[in-house]
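**Student:** Take 1 as the starting number for the sequence shown in my numbering and just add one per residue.
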Amino acid sequence: MAEGNLVRELKRWATEEFNLPPQSLPNDNYLKTMCVGAGKSIWKYVIQHVFQERLLKQAEGQSEAAKRRELQEKIEQLRAEISHLDSQISGTEEQLATEEQSISRTWAQVEESQHRELLLQAFRQRCIMDRKVLSDDTCKISGHCEALEQLAKKAEIEVLFENKPSSSSDTDCLGSKVAAEPQKLHLFSEYCQLFFFFFNSPLLLSLCLCLSLSLSMTHEQRTAVFQYWLSAVEDMLGSYPPNQVLSALQHLASRQQRELEEKLASLDVAQDMTALRLRYENNHLLDVSREDNDELPPVKHLLQSAWLEVEQTFIELAQTRCRVQQLRNQLQAHKNEADLCMQIVFSYTLGISLRSVFELELQCVMQVAARDYIREQCLQLDRQARSRQEALRKLHSQWQSILDFRQLVDRQEQIRGLIKGNSMAKMELISMHRELEEFVQGKLVPQFGEVIAAANNLRNSVSQEARQFGTVSLLALDRRTVEGMQRIPASWLSIYRLQSSSFHSLCQSMAFPLYRAPEELCSQACSQHLELRFLCQLLKLHSTTLQKLQKQAESLHAPDQKALLLRVVEEDQKLLKSLVPRARDLTQHCSQGLSYGSQVKSTISFWWDQPAQHVLPEISKGGLTLQQWLQRWKLAAKASY
């Protein structure tokens, strides 16, 4: 009402101050926007202190009749303006309502179209992905079908493998009704040799560990070769029909079996053992080379002979020492004689020099003799070392022959195992080939047409669903599951649908007034829930007390008034002890709630009375805050009065 009065006063001031017709004035909405915020106080001040004071000065010089006429004219003008404004307001309100409805409808349509477009894009992408998956599957199936057709065409060509000697294994010729295929058999033999290598690699590894030898291939190299073998076998099985593979493997197995039989026939274990002077008894190899020699002498005889050798060497050492001492004495005597001769023949100084020369020559002769003796000893030691190395080499050759024989025995066992494994693999390949033919003819071939028909149906159903999806309403799809089974539209669950019957029934059941905000339903429900819990506890206590009283009454044989009174007093005291603290707690909670309620009411009233409750106090306009502007206007108003 205050804003409407201010707008009317502003229009009146404009018409009377500037002599403007009412039709040329701006719209009321524009004037309302001028009177909002800081402009309200400005225009109010202008109207009160400029317009009204001028009117008072004019009115003082007029008569009462003129005043009355003017007042009547003004009243009529105001009534006309009010009626005109009311009609304009009603028209603008209707126009705004229609515009809001149209805007809401258009916005809802825009949102629905956006959601529909998003869903269609997602559905289109899903359809594209499904179509791509189906196309990939069809390509794979067609590729498999072509490969199977090629294999079937190749399987119609019957290949006959001729039996050739083992010496021409690298250049085997395969007899066929159509053409010879030595390369196929060569590939199969290579793959079989690789498989035998992998089968035999643990045995080779254990043998190398026992002999402390090193393998020619590392673990990584064996892994790489094994992967190569797997890929090559897959390519071979994909490029050749199973019957040709089976016949080639059978031919290789029969050829290897013949070669093994020939080797076994040419092998004479007894002759080899006699040549190696060995004997096999009780799973052990025995060296019979020592049985031909004489029996070993006893240990006592060996010790006596060793002591005799030691005594003989000790006697020889004493004799050599005596001989050395005699030679040294003779050498010293000869040296003395030579000195006397030199002193007699030559002078003293010349004799000393000749003596030193003689000593040097003598030392040289002695060193030459020592060198010759050491060289002779080295030659003797070298001959002894060579003889011992030759004996060691003979022992090593014997040990190697024993190991070779053991390896030969192990190889025979492996050959027997390989023969059995080849026969079992042959039977398994035959059975697997038969099962594969039954599986392909019984399951894959009948289902191929069904798969193609299902793929076509899925492609047609996807396009049909894409066409039908445009007619589906998004609001009908947006539903929520309530109570496990019901699927309710999400628009029905909005708490702001105040015109719904469910909301009115909820308010009536909770004694909630309609003028209050719907957000307060939670607090109302919480308070009623607490009250319900309290009443349930009281009801539970009441029922338990009644049950106890009934049990006690039944247990009493005869009524005793004094005992009953005492029991009642005790029960009352128990109830007081148990219920009084609860009542005090409840009263304390209630008092706290009431105090909080008064505080909330005071804060709400204070907030409601503020003219600018939506404005933050720290916001400044023109260098001043809201409180500073209010103080400034109050001072200006006081100064004007």
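Where is the CB? At the ideal position from N, CA and C, for every residue including glycine.
#1: Expressed to the nearest angstrom, what Euclidean distance is found between the alpha-carbon atoms of Leu-237 and Gly-442?
#2: If you follow the alpha helix (DSSP H) that Pro-241 is in, where does it begin and where does it stop?
#3: Measuring CA to CA, which of His-219, Leu-302, Leu-151 is closest to Asn-243?
#4: Just mark Ala-253 as buried or exposed, buried being the case when its beta carbon has 16 or more other beta carbons within 10 Å.
#5: With the cut-off set at 8 Å, would you say Pro-22 and Thr-15 are in Cβ contact?
#6: Is it right to say Pro-241 is buried, meaning 16 or more other beta carbons lie within 10 angstroms of its own, or is it exposed?
#7: How far does the alpha helix (DSSP H) with Gln-547 in it reach, from first residue to last?
#8: Rounded to whole angstroms, what's the CA-CA distance from Ala-97 to Ser-113? Just pull it up for me.
#9: Rounded to the nearest angstrom, how far is the Cβ of Leu-134 from that of Leu-458, given a contact under 8 Å?
#10: Would you check if the distance between the CB atom of Gln-524 and the CB atom of Phe-512 is smaller than 8 Å?
#11: With a Cβ-Cβ cutoff of 8 Å, do Val-681 and Leu-31 count as a contact?
#12: Whole-angstrom Cβ separation of Leu-148 and Leu-429, contact assumed at under 8 Å?
#13: Spell out a yes or no on whether the segment 328 to 339 and the segment 302 to 318 are touching, meaning 3 or more CB-CB pairs, one atom from each, closer than 8 Å.
#14: Sort out for me which residues DSSP pairs Arg-480 with in a bridge.
#15: Count the other C-beta atoms from every protein chain shown that fall within 10 angstroms of the C-beta of Lys-11, then say buried if there are 16 or more, exposed otherwise.
#16: Are Cys-127 and Ala-466 touching if we call contact CB-CB under 8 Å?
#17: Excluding five sequence neighbours on each side, which residues of the same chain lie with their C-beta closer than 7 Å to the C-beta of Ser-41?
#18: Let's test the definition: count the other Cβ atoms within 10 Å of the Cβ of His-219 and tell me whether it reaches 16, buried, or not, exposed.
#19: Looking at the structure shown, is Leu-25 part of a helix, part of a strand, or coil, going by DSSP?
#20: Check whether the Cβ atoms of Leu-120 and Phe-469 sit closer than 8 Å, and answer yes or no.
#21: Looking at the unbroken alpha helix (DSSP H) that takes in Val-451, where does it start and where does it end?
#22: For Gln-88, which residues of its own chain have a beta-carbon under 7 Å away from its beta-carbon, when the five flanking residues on both sides are left out?
#23: Following the continuous alpha helix (DSSP H) through Phe-503, name the residue where it begins and the one where it ends.
#24: Quick check: the Cα distance between Lys-164 and Glu-413, rounded to an integer number of angstroms?
#25: Note down, in chain order, each residue of its chain lying with its Cβ closer than 6 Å to the Cβ of Arg-375, except the 5 sequence neighbours on either side.
#26: Whole beta strand (DSSP E) runs in the segment 315 to 382 with 3 or more residues, listed along the chain?
#27: Are the segment 255 to 264 and the segment 406 to 421 touching by the rule of at least three beta carbon pairs closer than 8 Å?
#28: Does DSSP put Leu-392 in a helix, in a strand, or in coil?
#29: To the nearest angstrom, report how far apart Trp-107 and Lys-540 are at their CA atoms.
#30: Does Ile-157 come out as helix, strand or coil in the three-state DSSP assignment?
#31: What does the alpha-carbon distance come out to for the pair Thr-625 and Gln-631?
#32: Per DSSP, what kind of secondary structure is Leu-20 in: helix, strand or coil?
**Tutor:** Judging by the given coordinates:
#1: 21 Å
#2: Pro-241 -> no alpha helix (DSSP H), and no H or E assigned at all.
#3: The residue with the shortest Cα to Cα distance from Asn-243 is Leu-151.
#4: Buried, by the Cβ-count rule.
#5: yes
#6: buried
#7: 521 to 555
#8: 24 Å
#9: The beta-carbon distance between Leu-134 and Leu-458, rounded to whole angstroms, is 6 Å. This is short enough to meet the 8 Å contact definition.
#10: yes
#11: No information on residue 681 is available, as it lies outside the stretch 1 to 641 that the chain covers here.
#12: That belief does not hold up - the Cβ atoms of Leu-148 and Leu-429 are roughly 19 Å apart, past 8 Å.
#13: no
#14: Ile-488
#15: buried
#16: yes
#17: Trp-633
#18: exposed
#19: coil
#20: yes
#21: 445 to 468
#22: Asp-28
#23: 501 to 509
#24: A caution first: Lys-164 carries a pLDDT of 43, below 50, which makes its placement in the model unreliable, though a value can still be read off. Rounded to whole angstroms, the separation of the alpha carbons of Glu-413 and Lys-164 is 26 Å.
#25: Cβ within range, chain order: n/a, list empty.
#26: none
#27: yes
#28: helix
#29: 56 Å
#30: coil
#31: 10 Å
#32: coil
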